[in-house]
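**Student:** Before I ask anything, let me first share the structure, which is written out below as structure tokens.
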Amino acid sequence: MSISVLNPQGQLSDVSGIRVGHWTDRESLTGCSVILCEQPFVCSVDVRGGAPGTRETDL
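Under my numbering, the first residue of the sequence shown carries the number 454, and numbering increases by one thereafter.
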């Protein structure tokens, strides 16, 4: 296991072993963010909004 260190900017994408992507549909006012980890991590999800479009997050 290695220790990740944030740089002074403190952004999630600054952590070694983590990649972050985002897509935005400005016309529909929606988007999606994705976080990929090079090694297995424990994670969680927080879904908000009046009509969330989740898939398999209840498992």
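We put the CB at the ideal spot given by N, CA and C, even for glycine.
Bear in mind that the values here come from a model prediction, so they are computed numbers and not experimental data.
1) Using CA atoms only, rank isn't needed, just tell me which of 501, 505 and 471 is closest to residue 494.
2) Can you tell me where the beta strand (DSSP E) holding residue 486 begins and where it ends?
3) Write down the C-beta distance between residue 475 and residue 466 rounded to the nearest angstrom, noting that I regard them as a contact closer than 8 Å.
4) Restricting to Cα atoms, I'd like to know which of 482, 504, 481 and 497 is closest to residue 488.
5) How is the beta strand (DSSP E) around residue 502 delimited, first residue to last?
**Tutor:** Reading off the structure:
1) Numbered from 1 along the sequence shown, position 41 holds the residue referred to as residue 494. It is 471.
2) Here residue 486 refers to the residue found at position 33 when the sequence shown is read from its first residue. Start and end: 483-490.
3) In the sequence shown, the residue the question calls residue 475 occupies position 22. In the sequence shown, the residue the question calls residue 466 occupies position 13. That belief does not hold up - the Cβ atoms of residue 475 and residue 466 are roughly 10 Å apart, past 8 Å.
4) Here residue 488 corresponds to residue number 35 of the sequence shown, with the count starting at 1. If we check each option's Cα against that of residue 488, 497 comes out closest.
5) Counting from 1 along the sequence shown, the entry for residue 502 is found at position 49. Element bounds for residue 502: n/a, residue is neither H nor E.
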